[in-house]
Amino acid sequence: MVSRMFRMETEVDNERRNLLRRRLLDTNTAASPALRALRGTPDERERPLHVWALSADGDLAGGLVGHTWTTWLHVTYLWVDERHRGTGLGSRLLADAERTAHDERGCRAARLETWDFQAPDFYRKQGYEVVCVIPDYPPGTTEYTLTKRLDRLS
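Below, the structure is given as structure tokens:
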């Protein structure tokens with residue numbers, strides 16, 4: 006039996022993080038035909054997708070920040086100012102992002118995460134389905150991952 010000694014470190018090291026990311030990308034690409042086919046194509050990289058709603062005086066009324074990658078839209082943030090909640094603005098922001106992702110970037114699906122105190126019911130009303138539930142993340146809160154098929158938008 007070979008005994009190996011390793012020195013373990015827990016400090017933040019951005020150079021090592023970047024090296025680890027490159028090595029993981031290479032390992033994943035070698036193991037996955039789908040990722041291998043993406044290598045070197047425009048779809049290999051995430052493309053930002055932002056939608057903003059500004060009030061008449063130019064203040065931020067709401068917005069959506071996400072990105073597209075391959076055939077997926079990933080919604081990272083969706084927020085509507087309290088004064089504009091209940092007006093349909095959140096639905097419009099989400100629909101605009103979905104339409105852009107589908108029509109201009111060829112996305113066939115969308116995904117997002119939300120907590121139980123945020124908007125899981127809102128997203129369900131927009132056609133999203135819960136695919137993952139993580140209880141107690143963070144403690145006392147449930148996190149949901151939801152997805153939606155976008156190929157029905159046409």
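Counting with the numbering used here, you get residues 6 to 159 for the letters of the sequence shown.
In this text, a Cβ means the ideal position worked out from N, Cα and C, and glycines have one as well.
Model, not experiment: these values are computed from the prediction.
- For ARG52, no alpha helix (DSSP H) encloses it; the enclosing beta strand (DSSP E) starts and ends at 52-59.
- Per DSSP, reduced to three states, the secondary structure at ALA36 is helical.
- Under the DSSP assignment, HIS89 falls outside any alpha helix (DSSP H); it carries neither an H nor an E label.
- Within the segment 105-155, the beta strand (DSSP E) runs of at least 3 residues that lie entirely inside it are, in chain order, 114-120, 134-139 and 148-154.
- According to the DSSP assignment, THR73 belongs to the beta strand (DSSP E) that extends over 65-74.
- Note that the C-beta distance between VAL135 and LEU151 is below 7 angstroms.
- With fewer than 16 neighbouring CB atoms inside 10 Å of its own CB, CYS137 falls in the exposed class.
- Looking at the DSSP output, VAL7 sits in no beta bridge, so it has no partner there.
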